[in-house]
Amino acid sequence: MASKRRQAVGQTVDEFLAALDHPHKAESLTLRQIILAADPSISEEIKWNAPSFRTTESFATFHLRAKRGVQLVLHLGAKVRETATSGIDLADPAGLLTWLAKDRAAVTFTDHAEIHAKQNAFTALIRAWIVNV
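Letter 41 of the sequence shown, counting from 1, is numbered 51 in my numbering, and no numbers are missing.
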């Protein structure tokens, strides 16, 4: 489960993760590395009390309270955009996305084996998603 304490102001992602008590911490760390390696424009920060990723805007945030596995919510930033009503056109041949809204989706992995089996599809999905940010 996620650590109960609040994020310290100015806390780095490394510091946050070092203090994180979560049953899928190892999987979260693996996904973090995959996301950061997907594109050189991707950076990370703590936003919404969880590790988040951004290019020009935030586009992905770990959902640390997910009931099973490790979940990443893909979105198009904090500001409401036209895509909130029109949606985005994104190919998902591996079926990784669970759409939560027209401009927001979740990706859930249950364990390391699933992450490794779907790593290439996940990397392609991240690269396609950030084009919309």
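For each residue, glycine too, the CB sits at the ideal point set by N, CA and C.
Pull up the distance between the alpha-carbon of Leu27 and that of Glu124, whole angstroms please.
Between Leu27 and Glu124, the C-alpha separation is close to 22 Å.
Given this structure, state the Cα-to-Cα distance separating Thr22 from Ile56, to the nearest angstrom.
7 Å
Let me make sure I understand the geometry here. Which of Ala111, Leu106 and Arg114 has the alpha-carbon closest to that of Thr133?
Answer by Cα proximity: Leu106.
Could you pull out every unbroken alpha helix (DSSP H) segment of at least 4 residues lying fully inside the stretch 71-142, listed in chain order?
Correct list: 93-96, 122-127 and 129-140.
Could you work out which residue in Thr40, Ala127 and Phe63 is closest to Val80 when comparing CA atoms only?
Thr40
Answer with buried or exposed for Ala115, where buried requires no fewer than 16 other C-beta atoms within 10 angstroms of its C-beta.
buried
Among Ala127, Ser51 and Arg42, which one has its Cα closest to the Cα of Val143?
Ser51
Here's the rule: buried if 16 or more other CB atoms are within 10 angstroms of the residue's CB, otherwise exposed. What is Thr166?
Shown here, the chain extends from 11 to 143; a query on residue 166 therefore has no answer.
For Thr71, count neighbouring C-beta atoms within 10 Å of its own C-beta (all shown protein chains included) and say buried if the count is 16 or more, exposed if not.
So Thr71 counts as buried.
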